[in-house]
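Each remark here refers to the structure printed beneath this line.
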Amino acid sequence: MIPLFFYLGLSGILFVCGVLGFLIKRNIITIFMSIELMLNGVNLSFVAFAAHWHALSGQIFVFFVMVVAAAEAAVGLAIIIAVYRTRETLNVDQVNLLKL
Amino acid sequence: MTPNPYLPIDSGPIADLWLIPVLPLAGAAINGMFGRRSSKTAITTIALVFPGVAFALALWLASGFSSASAPYVFDKSVHWIRAGNFQADFAFYLDQLSLVMLLVVTGVGFLIHIYSVGYMTEDDGYYRFMSYLNLFMFFMLTLVLAKNYLLMFIGWEGVGLASYLLIGFWFTKDSAAAAGKKAFIVNRIGDFGFLIALFLIIQHFHSLDFTAVFEQVAAKPTETAGVGVLTSIGLLLMVGAAGKSAQIPLYVWLPDAMEGPTPVSALIHAATMVTAGVYMVARSHIIFERAPGALTVVAVIGTLTALFAATIGIAQTDIKKVLAYSTVSQLGYMFMACGVAAFSAGIFHLMTHAFFKGLLFLAAGSVIHGVGGEQDMRKMGGLRKYMPWTFWTMTIATFAIAGIPPLAGFFSKDEILWMAYISPHGSRVFWLIGVITAFITSFYMFRLWFMTFFGEYRGGPATHDVTHQSADAHAMHDKHDQHGHGHGEPHESPWVMLGPLVVLAILSFVGGWVGIHRGFDRFLAPVFHSQEVAHGSLATADEEAAIAALEKQELILTGVSVAAGVLGLYLAWLLYYRRRDLPDKIAARLNGLYDAVVNKYYVDELYASLFVKPLVEGSSVILWKGVDQRMIDATVNNAAREARHVSDNVRHMQSGNLRSYAGWVAAGGAAVIGYMVWMGVR
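Right under this line is the structure:
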């Protein structure tokens, strides 16, 4: 049996990778993928805890997260396409019309 | 509260009491809302029919009323304020006293409405004027019919509002706007006294209802020494009455109120509104009878005002100003009567005064109308030939106010003087000043009469404009009764104006006859019952010789006051008809005194430097520039400026750079997690 610590460590590493990718990358698709990475990091911790405590709620949460992530991916990709059509770029630094 | 102890005099359709005030309100509302677009005829019809029906209702009520009738109470009406065991409803109350007031207000008011149709018809604001007049009637009727002090106060404030609107009717004129403001503000000073009196009444008697309060007051002993509750209430009520009824020291607004159109001066500032204070004191007579200190103050103020205003009236040259000071002086008489606990005499004089003073103002309006807007008596004269109807009606009014028998003013004034002399609250000083005032009154009124109607016409030719057709000029001058301009010969007024003059002249002639053998006194006896007791004991207990002696004394005093009136007539005849060079010489001899009188004893200037200027200065320097600008405004402004500084710096966070936003979110999340971990560890 692999101890809980390793699962949580992997989960934390995945989450930090996601955050760093989100902050550093400029391509909006990459940023999007970083968000998925963060979500999956969190999902991993959920299932790890569920197995550890023998409680199902953690697994249920993971399903919810996956559904929301799927919906988000659909909406997000649609927005990205719309942005690309108008701005002809995927660089977030150039998508700054709301700037003061 | 207490069950209704009164039986309706007639259980049937008398429930229409509430209709009397509401009818003029309906007229005011209709004309006020639709008058701008309706025809003159429609406005006139509405403005006359509603008060007319109210007058007819009042007459009909009066026909079923005698001195034996119990008061009629209408309290099935709308609930207004009910809090705990305090209540004040829209309830009306009709007894002999309110009936007299009701008839005076609706009767004289209706006549003046008719007169206004002729006087104001060319004015652009005709509908506005008629609407205000109707509104005034509503509030005045509310005032006299109210069953509790609070409803009375509504009427009280309402007539003040109507007065303000009508004084400033020609609001494009600075002096009219200022006069309206002055009237409103001076009245406010009086109202503050009235209001505090009401608070005291609530505090001590837990009610504002007339019957409830007076029952409790009647059970209290007379306050012979010191200032008790009843004395304080009485004095504060008198402050209110002094404001509304233009007594010293708050009389200054009434002469200025002559800026309003003349029918307004007649209705509001002579016949009805200014007598509200007298009515209020008479209505509260139970309180005053138990507070001799307050009564004395009322009598002293009334007497002083009567004399003071009469002396100012001598030297005025504006025909309306003379009448204004005369009104102040006559109101002083009424307060003198109330102050010696002769309330019915005060109300009697109130009624006759409404007739002859209303008539004097209307006739003065007719004169002003006839000579093309001139108000200066020095530019009139000889008008007897041009306007005979105005002359004869004015003659009756002048003789009535001068107290020449058998006209109305003689009876009421004589009764006041007699009561001032004989009443246990009275004194010979009051009587003496009253007689002197009667002499002065007679003098300045006949001075007005001679200057206006006798001699040669001194106005016309100089301002006569030959290039204009007189018909044009006629149509023009009606618009502004203060603007004198080319006008041609003085002419008589139209019949719609003369009609009310004639009716009022008849009333001024015969109106006093109800006072013969104390008939008026007896009619009001159920209201002022305590006084009736005094009379009763006087008439029955004393021996016949004493009565005879009293009657002889009364006859002598009557002779003295009539002689004072005739002397005034003679002096005016001598100075302003026979030897018209004399007045200037006398004025020159009495240099300083004459100047003081012409300038109204500099009271306005005194008030300006004592109260108005310090107030204005204090308000602008300390309150405006100090407190408001440096403290309140500065606090708000500085807070806003600081907020802007902070936000100015913080807004750089919102760079529009998506990744920096994400960084902030991540940093915030890290901070929250760090905090929670730290708390958990601890």
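Quick mapping for you: the protein sequence lines, in order, are chains A and B.
If you count the first sequence from 1, position 43 lands on 42 in numbering that gives the first Met the number 0, and the numbers rise without skipping.
If you count the second sequence from 1, position 187 lands on 186 in numbering that gives the first Met the number 0, and the numbers rise without skipping.
In this text, a Cβ means the ideal position worked out from N, Cα and C, and glycines have one as well.
Measure the alpha-carbon distance for residue i versus residue j and round it to whole angstroms.
i	j	result
B/E488	B/V370	7 Å
B/K172	B/M386	30 Å
B/L303	B/L431	12 Å
B/F183	B/I166	10 Å
B/D583	B/K319	21 Å
B/L306	B/S328	7 Å
B/T43	B/G425	48 Å
B/S65	B/A25	30 Å
B/I672	B/A666	10 Å
B/T394	B/L573	18 Å
B/A587	B/A314	13 Å
B/T230	B/T436	28 Å
B/G458	B/K378	4 Å
B/E214	B/F85	16 Å
B/V103	B/K612	40 Å
B/Y332	B/F33	43 Å
B/A298	B/Y278	15 Å
A/R86	B/A638	42 Å
B/I546	B/G179	51 Å
B/T462	B/Y443	Any reading at B/T462 needs caution, since the residue's pLDDT is 44, under 50, leaving its predicted position unreliable; the model's value is listed next. Rounded to whole angstroms, B/T462 to B/Y443 spans 28 Å at the Cα level.
B/V296	B/L234	8 Å
B/L523	B/M350	13 Å
Run the CB neighbour count on residue i, radius 10 Å, all protein chains shown included, and call it buried at 16 or more, exposed below.
i	result
B/A585	As written in the sequence, residue 585 of chain B is Ile, which differs from the Ala given in the question. Exposed, by the Cβ-count rule.
B/E616	exposed
B/H516	exposed
B/V339	buried
B/F78	Sequence inspection shows His at residue 78 of chain B; the Phe mentioned does not correspond to that position. Exposed, since its Cβ has fewer than 16 Cβ neighbours within 10 Å.
B/A341	buried
A/L55	exposed
B/P220	exposed
B/G625	exposed
B/S441	buried
B/T261	buried
B/W663	exposed
A/F4	exposed
B/Y163	buried
A/V61	buried
A/I34	buried
B/Q374	buried
B/A670	exposed
B/T392	buried
B/P499	buried
Residues in its own chain within less than 7 Å of residue i by CB, not counting five upstream and five downstream?
i	result
B/L556	L416, W417 and Y420
B/G655	none
B/T141	P20, L150, I153, G154 and G157
B/E414	A344, F347 and G514
B/L497	W388
B/F355	A396, A399, I400, A407, G408 and S507
Short of 8 Å in beta carbon distance, which residues of its chain neighbour residue i, apart from the five on each side in sequence? Order them along the chain.
i	result
B/M678	none
B/F54	T105, G106, G108 and F109
B/V559	V434
A/V64	L38, V41, N42 and F45
B/D471	Its pLDDT being 34, under 50, B/D471 is placed unreliably by the model, and the measurement read from it follows with that caveat. If we look at B/D471 and ignore the five residues flanking it on each side, it has no Cβ neighbours.
Compare the C-beta of residue i against all C-beta atoms of chain C and say whether one is closer than 8 Å.
i	result
B/G617	Here chain C cannot be found, since the structure's protein chains are A and B.
Near residue i, which residues of its chain fall below 6 Å by C-beta distance, leaving aside the five closest residues on each side in sequence?
i	result
B/V228	H203
B/A176	G167 and F170
B/G381	G454, E455 and Y456
B/A308	Y324, V327 and S328
B/A240	G276, M279 and V280
Let me check you understand the geometry: is the CB of residue i closer than 7 Å to at least one non-hydrogen atom of the ligand NAP?
i	result
B/L330	This structure lacks the ligand NAP; in fact it carries no ligand of any kind.
Could you pull out every unbroken alpha helix (DSSP H) segment of at least 4 residues lying fully inside the stretch 266–350 of chain B, listed in chain order?
With a minimum length of 4 residues, the continuous alpha helix (DSSP H) runs that stay inside the stretch 266–350 of chain B are 275–282, 284–288, 291–314 and 318–338.
Can at least three beta-carbon pairs, one atom from the stretch 261–280 of chain B and one from the stretch 241–248 of chain B, be found at a separation below 8 Å?
The answer is yes - the stretch 241–248 of chain B touches the stretch 261–280 of chain B, with three or more Cβ pairs under 8 Å.
Are at least three pairs of beta-carbons, each pair with one atom in the stretch 5–14 of chain A and one in the stretch 33–44 of chain A, less than 8 Å apart?
yes
With contact counted as at least three CB pairs below 8 Å, one residue from each stretch, are the stretch 510–517 of chain B and the stretch 395–410 of chain B in contact?
With the cut-off at 8 Å, the stretch 510–517 of chain B and the stretch 395–410 of chain B touch.
Along the chain, which unbroken stretches of the alpha helix (DSSP H) at least 4 residues long are found entirely within the stretch 345–384 of chain B?
Runs found: none.
Counting pairs of Cβ atoms below 8 Å between the stretch 125–135 of chain B and the stretch 90–101 of chain B, do you hit three or more?
no
Between the stretch 249–258 of chain B and the stretch 285–298 of chain B, do three or more beta carbon pairs fall short of 8 Å?
no
Ranges of the alpha helix (DSSP H) found wholly within the stretch 603–657 of chain B, counting only runs of at least 4
612–616 and 633–649
Can you check the stretch 539–584 of chain B for any alpha helix (DSSP H) of at least 4 residues that lies completely inside it and give the ranges in chain order?
Taken in chain order, the complete alpha helix (DSSP H) segments of 4 residues or longer contained in the stretch 539–584 of chain B are 543–572.
Complete beta strand (DSSP E) runs within the stretch 58–96 of chain B (minimum length 3 residues, chain order):
Listed in chain order, they are 71–73, 80–82, 85–87 and 91–93.
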